[in-house]
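Undergrad:
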Amino acid sequence: MFEGINPKQMQRMMEQMGMKSEEIKASRVVIEKEGSQIVITEPQIIQISMKGENSFQISGKVEEKPLIKEEDVKLVMEKTGATKEKVEQALNECKGDIAEAIMKLQG
């Protein structure tokens with residue numbers, strides 16, 4: 064955060080200002096957006112509490128994926144006869160485009 068400052072000194076300074084930070088262990092973080100989701104793998108998560116409010120700092124490997132609806136998966140499975148896994152993979156590769164996924168699986 065600040066160059067040349069010992070992390071323990073930084074922790075003490077934050078506590079003096081009424082801030083508390085805590086590392087949260089997790090294997091992945093998912094942020095759902097309208098139409099897509101952000102998946103962060105191998106995350107490093109810090110929760111910062113100050114004046115009753117919590118905020119989170121997250122870093123890691125980021126990948127944005129389209130949000131695939133179950134009814135879309137079923138429709139493509141019916142039209143192509145492909146397995147659920149193959150349909151989900153095709154829909155992800157086609158960014159959720161049903162027609163493109165069907166053509167990909169049939170071709």
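All residue numbers for the sequence shown refer to this note's numbering, where the first residue is 64 and numbers rise by one.
Backbone N, C-alpha and C define an ideal beta-carbon position, used for all residues, glycine too.
What you are looking at is a predicted structure, and each value in this text was computed from that prediction instead of being measured.
Below 9 Å between beta carbons: does that hold for G159 and G98?
TA: A contact, by the Cβ cut-off of 9 Å.
Undergrad: Where S118 and K128 are concerned, what is the direct C-alpha to C-alpha distance, given to the nearest angstrom?
TA: Spanning the two alpha carbons is a distance of roughly 24 Å.
Undergrad: Ignoring anything shorter than 4 residues or poking outside the region 113-166, list the alpha helix (DSSP H) runs there in chain order.
TA: Runs found: 133-143, 147-156.
Undergrad: Please state if the CB of E105 and the CB of S90 are separated by a distance shorter than 9 Å.
TA: Yes, the pair counts as a contact, with Cβ atoms nearer than the cut-off.
Undergrad: Span of the beta strand (DSSP E) holding M80?
TA: No beta strand (DSSP E) holds M80; DSSP gives it neither H nor E.
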